[in-house]
Amino acid sequence: MALAAGRAMLMRSGVRLGTQAAARGGNGARRFMNHRVVVEPNTVPGVAVIKFKNPPVNSLTLEFLTEFVICLEKLENDKTFRGVVLTSDCPGIFSAGLDLREMCGKNPAHYAEYWRAVQEMWLKVYLSNLVLVAAINGTSPAGGCLIALSCDYRVLADNPRYRMGLNETLLGLVVPFWFKDTLVNTIGHRASERALQLGLLFPPAEALQLGMVDQVVPEDQVQSTALSVMTQWLAIPDHVRQLTKNMIRKATADHLIKHQEADIQNFINFISRDSIQKSLQVYLENLKQKKH
Ligand SMILES: CCCCCCCCC/C=C/C(=O)SCCNC(=O)CCNC(=O)[C@H](O)C(C)(C)COP(=O)(O)OP(=O)(O)OC[C@H]1O[C@@H](n2cnc3c(N)ncnc32)[C@H](O)[C@@H]1OP(=O)(O)O
420 MALAAGRAML
430 MRSGVRLGTQ
440 AAARGGNGAR
450 RFMNHRVVVE
460 PNTVPGVAVI
470 KFKNPPVNSL
480 TLEFLTEFVI
490 CLEKLENDKT
500 FRGVVLTSDC
510 PGIFSAGLDL
520 REMCGKNPAH
530 YAEYWRAVQE
540 MWLKVYLSNL
550 VLVAAINGTS
560 PAGGCLIALS
570 CDYRVLADNP
580 RYRMGLNETL
590 LGLVVPFWFK
600 DTLVNTIGHR
610 ASERALQLGL
620 LFPPAEALQL
630 GMVDQVVPED
640 QVQSTALSVM
650 TQWLAIPDHV
660 RQLTKNMIRK
670 ATADHLIKHQ
680 EADIQNFINF
690 ISRDSIQKSL
700 QVYLENLKQK
710 KH
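Plus 419 on top of the position in the sequence shown (first one is 1) and you've got the numbering used here.
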């Protein structure tokens, strides 16, 4: 029941997002057509590969989130697709997470719009009827990690430079409860307590040991492994697998759906604080300075 309500809400949001993209005018529409999210129908029947292409670091801008959600919705509504592999087109980076510039120096209306888009993206991925396999071919902090954790299966490239985890506390941010729930559901309570408080980013071997990912494979085999894993998942009839997935994930998703508006208000109040704005600016500045 609640899932149906959630789905209806997501469908409405899809329409809303679509309207927004169009409402940005000629430029906005062209940007949408530029494909920050590239879809490749694959050689495996019924499977599409979505490649994040929002250089330089696949940060989750409002435009990116909008395009990603619309793209997933289209694939879900197209009955020829049963599974999707999520991967990156940016070398060495799966996704740098939420775009810090969307949360810095903007007004409350923008923060509300942005946070709703983040929520809707998560609900779309987390409750997807499709089989979603993350082919994690790069670093994936915070929001990038959340996307991977929300898939049904994770394959990570065996490159010690790639880190994965929810590092919000390192930015002076509190991890949202639904990010936390997603991690706890994956690696358990005790491991999450430590990982979240310390904002730990794990190299592949540790991510595997914790159960944050299901497989670590040589970098050039990430996508092929994801596709062969997909074959195993697609051997199960969709309806029983979907009902089973729903049974397992419903309570976690409902928790956000029931508190969605309060969560947006909390986000606005938190992110608007001077102290938080200051620490985000310092963090962004440090990212720039490390180049020199
Ligand atoms: C109560 C409720 C409470 C709710 C409270 C609020 C909850 C918020 C939850 C937050 C969730 C998040 O995802 S917060 C985001 C967390 N993400 C991170 O910490 C990742 C930060 N980035 C990095 O560590 C690195 O950039 C990394 C991804 C490894 C790539 O390193 P590289 O050396 O290859 O590239 P860089 O030179 O660093 O970056 C290239 C350019 O991209 C920019 N850039 C990098 N990451 C960026 C990002 N996330 N957003 C915007 N811009 C970013 C850099 O500033 C550079 O800009 P120029 O100098 O202009 O070229």
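Note that beta-carbon positions come from the ideal geometry of N, C-alpha and C, so glycine has one too.
Just so it is clear, the structure is predicted and the values come from calculations on it, not from any experiment.
Subject >> Length-filtered (3 minimum) beta strand (DSSP E) runs lying within the stretch 543–598 >> reply: 550–555, 557–560 and 572–576
Original post:
Under the three-state reduction of DSSP, which class applies to P460: helix, strand or coil?
Top reply: By 1-based counting over the sequence shown, the position of residue 460 is 41. Strand, per DSSP.
Subject >> Entirely enclosed alpha helix (DSSP H) segments - the stretch 647–700, minimum 4 residues >> reply: 657–677 and 679–690
Original post:
Among the residues of its own chain, which have a CB less than 7 angstroms from the CB of G445, if the five just before and after it don't count?
Top reply: Residue numbering aside, residue 445 sits at position 26 when the sequence shown is read from its first letter. Its pLDDT being 32, under 50, G445 is placed unreliably by the model, and nothing is read from it.
Original post:
Smallest Cα separation from R668: which of N477, C570, V458 and F471?
Top reply: Counting from one through the sequence shown, the residue named residue 668 turns up at place 249. Residue C570 is the option with its Cα nearest to R668.
Original post:
So, is the C-beta of P622 closer than 8 angstroms to a C-beta in chain C?
Top reply: Chain labels in this structure do not include chain C; a single protein chain is all it has.
Subject >> Contact test: V476 Cβ vs ligand 1 heavy atom, cutoff 7 angstroms >> reply: Taking the sequence shown and counting its residues from 1, the one referred to as residue 476 is at position 57. True, at least one ligand heavy atom lies under 7 angstroms from that Cβ.
Original post:
What are the partner residues of K470, as DSSP defines its beta bridges?
Top reply: The residue labelled residue 470 in the question sits at position 51 within the sequence shown. V457 and T506.
Original post:
Within 7 angstroms: the Cβ of L575 and any heavy atom of ligand 1?
Top reply: For the purposes of this step, residue 575 is identified with residue 156 of the sequence shown, where counting begins at 1. False, no ligand heavy atom lies under 7 angstroms from that Cβ.
Subject >> Own chain partners of K472 with C-beta closer than 6 angstroms, once the 5 adjacent residues on each side are dropped >> reply: As a working note, residue 472 is residue 53 in the sequence shown. R455, V457 and D508.
Original post:
Mind checking whether T575 and V488 have CB atoms under 8 angstroms apart?
Top reply: On the sequence shown, residue 575 is found 156 positions in, with the first residue counted as 1. On the sequence shown, residue 488 is found 69 positions in, with the first residue counted as 1. Checking the sequence, you will find Leu at residue 575 rather than Thr. No, they are not a contact pair.
**OP:** Use the C-beta contact count for G562: other C-beta atoms within 10 angstroms, 16 or more gives buried, fewer gives exposed.
**Re:** In the sequence shown, counting from the first residue as 1, residue 562 sits at position 143. Burial call: buried.
**OP:** Find out if the Cβ-Cβ distance for the pair P622, R582 is shorter than 8 angstroms.
**Re:** Counting from one through the sequence shown, the residue named residue 622 turns up at place 203. Counting from one through the sequence shown, the residue named residue 582 turns up at place 163. Their beta carbons are under 8 angstroms apart, which means P622 touches R582 by this criterion.
**OP:** Kindly indicate which three-state DSSP category V636 falls into: helix, strand or coil?
**Re:** Looking up residue 636 in the sequence shown gives position 217. Strand.
Original post:
What does a CB cutoff of less than 6 angstroms around T588 pick up in its chain, not counting 5 residues either side in sequence?
Top reply: The residue given as residue 588 occupies position 169 in the sequence shown. Within the same chain, T588 has close Cβ partners G618.
Original post:
Is the stretch 684–703 in contact with the stretch 540–550, if contact means three or more CB pairs nearer than 8 angstroms?
Top reply: no
**OP:** Look up Q708 in the DSSP assignment and say whether it is helix, strand or coil.
**Re:** By one-based count along the sequence shown, residue 708 stands at place 289. DSSP places Q708 in helix when its eight states are reduced to three.
Original post:
Based on the DSSP output, what are the partners of P524 in its beta bridges?
Top reply: Here residue 524 is taken as the residue at index 105 of the sequence shown, counted from 1. Sequence inspection shows Gly at residue 524; the Pro mentioned does not correspond to that position. Answer is none; G524 lacks a bridge partner.
Subject >> Beta-carbon spacing of A624, V632 below 8 angstroms >> reply: Numbered from its first residue, the sequence shown carries residue 624 at position 205. Numbered from its first residue, the sequence shown carries residue 632 at position 213. No. Outside cutoff.
Original post:
Is any heavy atom of ligand 1 found at a distance shorter than 7 angstroms from the C-beta of F483?
Top reply: As a first step, residue 483 is located in the sequence shown; it is residue number 64 there, counting from the start. Every heavy atom of ligand 1 is 7 angstroms or more from the Cβ of F483, so no.
**OP:** Would you tell me roughly how many angstroms separate the C-alpha atoms of L519 and T558, rounded to the nearest one?
**Re:** On the sequence shown, position 100 is the one that residue 519 refers to. On the sequence shown, position 139 is the one that residue 558 refers to. So the two alpha carbons sit approximately 16 angstroms from each other.
Subject >> For R501, the nearest candidate out of V466, T671, K707 and T480 (CA to CA) >> reply: What you label residue 501 is simply residue 82 of the sequence shown in a count that begins at 1. Nearest of V466, T671, K707 and T480 to R501, Cα basis: V466.
Subject >> K525 to Y533 span [Cα, whole Å] >> reply: The residue given as residue 525 occupies position 106 in the sequence shown. The residue given as residue 533 occupies position 114 in the sequence shown. Rounded to whole angstroms, K525 to Y533 spans 10 angstroms at the Cα level.
Original post:
So does P560 have its beta carbon nearer than 7 angstroms to some heavy atom of ligand 2?
Top reply: Among the ligands present in this structure, namely ligand 1, ligand 2 is not found.
Subject >> Pairwise C-alpha distance: I512 and E704 >> reply: Stepping through the sequence shown from its first residue, residue 704 is reached at position 285. Stepping through the sequence shown from its first residue, residue 512 is reached at position 93. Answer to the nearest angstrom: the Cα atoms are 20 angstroms apart.
**OP:** Determine the DSSP secondary structure at F500, reduced to helix, strand or coil.
**Re:** As a working note, residue 500 is residue 81 in the sequence shown. Three-state DSSP puts F500 in coil, outside helix and strand.
**OP:** Hey, could you find the ends of the alpha helix (DSSP H) S514 is sitting in?
**Re:** By one-based count along the sequence shown, residue 514 stands at place 95. Unbroken run through S514: none, as it is neither H nor E.
Subject >> Pair within 8 angstroms by beta-carbon distance, L602 and L615 >> reply: By one-based count along the sequence shown, residue 602 stands at place 183. By one-based count along the sequence shown, residue 615 stands at place 196. It is a contact, given that the beta carbons lie within the stated cut-off.
Original post:
Near T671, which residues of its chain fall below 8 angstroms by C-beta distance, leaving aside the five closest residues on each side in sequence?
Top reply: For this step, residue 671 is matched to residue 252 along the sequence shown. Within the same chain, T671 has close Cβ partners Y545, W597, D600, T601 and N604.
Subject >> Neighbourhood of A531 by C-beta distance below 7 angstroms, restricted to the same chain and skipping five residues each side >> reply: Position 112 of the sequence shown, counted from the start, is the residue given in the question as residue 531. Result list for A531: I683 and I687, in chain order.
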